[in-house]
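If you want the numbering used here, it's the 1-based position in the sequence shown plus 292.
Below is one structure, written out as C-alpha cells, with a few remarks after it.
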Amino acid sequence: MANKFLVAASAIVLGSVALTGCGNSGSSGSKSGGTITMGFAQVGAESGWRTANTKSIQETAKKDGIKLKFSDAQQKQENQIKAIRSYIQQKVDVIAFSPVVETGWDAVLQEAKRAHIPVILTDRAVDSKDTSLYKTFLGSDFVKEGQKAGQWLLDNASTSDVNGDGKINVVEIEGTTGAAPAIDRKKGFEDTIASDSKIKVIASQTGDFTRDGGKQVMEAFLKSQKGIDVLFAHNDDEGLGAIEAIKAAGLTPGKDIKIITIDATHDGMTALSQGEINYIVECNPLLGPQLMDLAKKVVDGKSVPQRVVTEETAFDQAQATAALPTRQY
Numbered sequence: 293m294a295n296k297f298l299v300a301a302s303a304i305v306l307g308s309v310a311l312t313g314c315g316n317s318g319s320s321g322s323k324s325g326g327t328i329t330m331g332f333a334q335v336g337a338e339s340g341w342r343t344a345n346t347k348s349i350q351e352t353a354k355k356d357g358i359k360l361k362f363s364d365a366q367q368k369q370e371n372q373i374k375a376i377r378s379y380i381q382q383k384v385d386v387i388a389f390s391p392v393v394e395t396g397w398d399a400v401l402q403e404a405k406r407a408h409i410p411v412i413l414t415d416r417a418v419d420s421k422d423t424s425l426y427k428t429f430l431g432s433d434f435v436k437e438g439q440k441a442g443q444w445l446l447d448n449a450s451t452s453d454v455n456g457d458g459k460i461n462v463v464e465i466e467g468t469t470g471a472a473p474a475i476d477r478k479k480g481f482e483d484t485i486a487s488d489s490k491i492k493v494i495a496s497q498t499g500d501f502t503r504d505g506g507k508q509v510m511e512a513f514l515k516s517q518k519g520i521d522v523l524f525a526h527n528d529d530e531g532l533g534a535i536e537a538i539k540a541a542g543l544t545p546g547k548d549i550k551i552i553t554i555d556a557t558h559d560g561m562t563a564l565s566q567g568e569i570n571y572i573v574e575c576n577p578l579l580g581p582q583l584m585d586l587a588k589k590v591v592d593g594k595s596v597p598q599r600v601v602t603e604e605t606a607f608d609q610a611q612a613t614a615a616l617p618t619r620q621y
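Below is the structure:
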C-alpha cells in the first residue's frame, strides 16, 4: 500500500515461490524450545480472498507448531480491539492482525507495547506516526494494484469506449470505507487514469468488499448513471456481485460493460476465463508461511524488515484460463 509512513528502503520483495515455501521448517520456533502462542484478529469472512487468507494462516500455524488463538471481527474495529486486549491479558507471545480500518489503533497497540508483546500487521497497515507500535507489516502494495488496474484501462482505452461517444465513463465499487486497500486502490487507479482526459469516474460507492454489496451498488449505478463503459471493483467479490446486476439488466458483462477487479480468486479467475471480467490484478492471500516465519523471528528478538511486500501479477482472459487448473485459491 502507499508508504505513507514506511520508507521504501526498508521494503523487501518476496516472490511467489516464497509465498508457498518460506517458514515451513516444521519447527515450533525456538523461544528457548517452547511453543509460540499467537493471537490473530482477522477482519472477517467477507470474501473468497479472506477465506483463503484465514485458511493459509491456520494451516501454516498448525504445520509450524505454533499455537493459534483466532478471532473473527466480523468487519468491526471494536471487535478487533476487544480481541487484541484479550490476547494481551492472556499474555500471548505475539499478536498479528489485519486492521479493519487504518486509524484508531494507537491506544490498544500502546497497551501491547507496554506488555512487551510484539505486533505484526498483515494484509493491511495502520495510519500511525508511531511505527514502534508494531514490528513489521506484511502485505501487498495496494496503490500499485490500483495503478495496474488503471494502466490496463489506459492501454485498452480504444476498446473500452463501449458506447462510442468518445468518452469512457467509469463506475467504481470501493472496498470498506476507511480500509487501507480501499483507500490505496482508489488512489492508484484514479491517479493513473488521470493522464487520459477521456476517462472519467462518474460514480463511486462502497460495496464493503462483499458480493452482495457489489450487486446492490451496481444495481443503483445502472439506474442512476447513463452510458457506463467500465466498472472498476476493488475486489473480485464485488465484481462478481456486479455481474449478477449487469445480467439482470439485460446486459453482457465484459462486453457491454468492461470489468476490472482485484484479487484473482478462483471464482474471479473463472469469470475472467469466461470473458465476463476483462482484467484482474492479483492480491495473493497466502500469507501464512511468511507470517509464521516473521512471528518466530520477532519472538526470538531478531531483526525483521519494517515492510515486507508480496510480489504479485495480473491476468487477462488467456492467462487466467492457463492458470486456473493449478490455482490454490
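Ideal placement from N, C-alpha and C gives every residue a C-beta, glycine not left out.
Rounded to whole angstroms, how far is the Cβ of V463 from the Cβ of I494, which I believe are closer than 8 Å?
Numbered from 1 along the sequence shown, position 171 holds the residue referred to as residue 463. Numbered from 1 along the sequence shown, position 202 holds the residue referred to as residue 494. With a Cβ gap of about 6 Å, V463 and I494 count as contacting.
Contact under 8 Å by Cβ, R619 with M561
Here residue 619 corresponds to residue number 327 of the sequence shown, with the count starting at 1. Here residue 561 corresponds to residue number 269 of the sequence shown, with the count starting at 1. Contact flag set, yes.
Consider the Cβ of S489: report whether some Cβ of chain C lies at a distance smaller than 8 Å.
Absent from the structure: chain C. Only one protein chain is present.
Of the residues K515, W444, F501, which one's Cα is nearest the Cα of T605?
Numbered from 1 along the sequence shown, position 313 holds the residue referred to as residue 605. Minimum Cα distance to T605 is reached at W444.
Endpoints, the alpha helix (DSSP H) within which D282 is located:
Residue 282 lies beyond the residue range present for the chain, which begins at 293 and ends at 621; the question has no answer from this structure.
With which residues is E466 paired in a DSSP beta bridge?
Translated into positions along the sequence shown, residue 466 becomes position 174. Note: E466 sits in a beta bridge opposite T498.
Using a Cβ-Cβ cutoff of less than 6 Å, which residues in the same chain neighbour S317 once the five nearest sequence positions on both sides are dropped?
Here residue 317 refers to the residue found at position 25 when the sequence shown is read from its first residue. Here the model assigns S317 a pLDDT of 32, short of 50, so the residue's position is not dependable, and the following value carries that caveat. So no residue of the chain qualifies.
Decide yes or no for the touch test of the region 333 to 353 against the region 579 to 596: beta carbon pairs closer than 8 Å, at least 3 of them.
yes
Using only the alpha-carbon positions, how far apart do D453 and F524 sit?
Start at 1 with the first residue of the sequence shown, and residue 453 comes out as number 161. Start at 1 with the first residue of the sequence shown, and residue 524 comes out as number 232. Near 14 Å, if we compare the C-alpha coordinates of F524 and D453.
Limits of the unbroken alpha helix (DSSP H) element including L430:
The count along the sequence shown starts at 1 and reaches residue 430 at position 138. Careful: L430 lies outside any alpha helix (DSSP H), inside the beta strand (DSSP E) at 428 to 431.
V400: first and last residue of the uninterrupted alpha helix (DSSP H) it sits in:
Working through the sequence shown from its first residue, we reach residue 400 at position 108. Segment 398 to 406, the alpha helix (DSSP H) holding V400.
When D385, Q497, A441 are compared against G593, the one with the closest alpha-carbon:
In the sequence shown, the residue the question calls residue 593 occupies position 301. Minimum Cα distance to G593 is reached at D385.
Give me the Cβ distance between I554 and A441, rounded to the nearest whole Å; I'm assuming they're in contact under 8 Å.
The residue labelled residue 554 in the question sits at position 262 within the sequence shown. The residue labelled residue 441 in the question sits at position 149 within the sequence shown. Sure, about 6 Å apart at Cβ, within 8 Å.
L555: first and last residue of the uninterrupted beta strand (DSSP E) it sits in
By 1-based counting over the sequence shown, the position of residue 555 is 263. As written in the sequence, residue 555 is Asp, which differs from the Leu given in the question. Unbroken beta strand (DSSP E) run through D555: 550 to 555.
Does the Cβ of S390 have 16 or more other Cβ atoms within 10 Å, making it buried, or fewer, making it exposed?
Residue mapping note: residue 390 aligns to position 98 of the sequence shown, counting from 1. S390 is buried by the Cβ-count criterion.
With DSSP as the reference, label R599 as helix, strand or coil.
In the sequence shown, residue 599 corresponds to position 307, counting from 1. Note: R599 maps to strand in three-state DSSP.
Under a three-way DSSP split, which group does A525 fall into?
Working through the sequence shown from its first residue, we reach residue 525 at position 233. Strand, per DSSP.
Touching or not, the region 507 to 526 and the region 422 to 430, by the rule of three or more beta carbon pairs under 8 Å?
no
Give the range of the beta strand (DSSP E) segment to which I328 is assigned.
One-based indexing of the sequence shown puts residue 328 at position 36. First-last for I328: undefined, no H or E at that position.
In or out: H526 buried (at least 16 other Cβ within 10 Å) or exposed?
Position 234 of the sequence shown holds residue 526. Buried.
Check the C-beta distance from A472 over to I460 and give it rounded, since I have them as a contact under 8 Å.
The residue you call residue 472 lines up with position 180 of the sequence shown. The residue you call residue 460 lines up with position 168 of the sequence shown. Incorrect: roughly 27 Å between the Cβ atoms, too far for contact.
Alpha-carbon spacing of Q382 relative to F607, whole angstroms
Translated into the one-based positions of the sequence shown, residue 382 becomes position 90. Translated into the one-based positions of the sequence shown, residue 607 becomes position 315. Going by the C-alpha atoms only, they are around 44 Å apart.
Kindly confirm or deny that the region 390 to 407 and the region 367 to 380 touch, where touching means at least three C-beta pairs closer than 8 Å.
yes
What's the call for D447, buried or exposed, on a 16-neighbour Cβ count within 10 Å?
As a first step, residue 447 is located in the sequence shown; it is residue number 155 there, counting from the start. By the 10 Å Cβ count, D447 comes out exposed.
Mind reading off the beta-carbon distance from M584 to A333? Whole number of angstroms is fine, and I expect it under 8 Å.
Taking the first residue of the sequence shown as 1, we reach residue 584 at position 292. Taking the first residue of the sequence shown as 1, we reach residue 333 at position 41. Wrong, their Cβ atoms sit about 16 Å apart, outside the cutoff.
Determine the closest residue to C575 out of G533, R503, D529, K589, with distance taken between C-alpha atoms.
Counted from its first residue, the sequence shown places residue 575 at position 283. The candidate whose alpha carbon is nearest that of C575 is D529.
R416 burial status per 10 Å Cβ neighbour count (16 or more: buried)
In the sequence shown, the residue the question calls residue 416 occupies position 124. It is buried - the Cβ of R416 has at least 16 other Cβ atoms within 10 Å.
Give every residue of the same chain whose Cβ lies closer than 6 Å to the Cβ of I572, excluding the five residues on either side of it in the sequence, and list them in chain order.
Counted from its first residue, the sequence shown places residue 572 at position 280. Here the set comprises T553, A556, G560, L564, F607.
Reference G567, options L586, H558, P545, E603, closest by Cα
Position 275 of the sequence shown, counted from the start, is the residue given in the question as residue 567. The option with the nearest alpha carbon to G567 is P545.
Run through DSSP, which three-state label would V493 get?
Stepping through the sequence shown from its first residue, residue 493 is reached at position 201. Here V493 sits in strand by DSSP.
Taking only three categories from DSSP, how would you classify T414?
Translated into the one-based positions of the sequence shown, residue 414 becomes position 122. Three-state DSSP puts T414 in a strand.
Sort out for me which residues DSSP pairs N461 with in a bridge.
Within the sequence shown, residue 461 is the residue found at index 169, counting from 1. DSSP, once it has assigned bridges, lists K492 as partnering N461.
Pick from D457, G458, D476: whose alpha carbon is nearest that of E466?
Here residue 466 refers to the residue found at position 174 when the sequence shown is read from its first residue. When each option's Cα is compared against that of E466, the closest is D476.
Given D488, which residues of its chain have a CB within under 7 Å of its CB, disregarding the five upstream and five downstream residues?
As a working note, residue 488 is residue 196 in the sequence shown. Hits under 7 Å: L446, A449.
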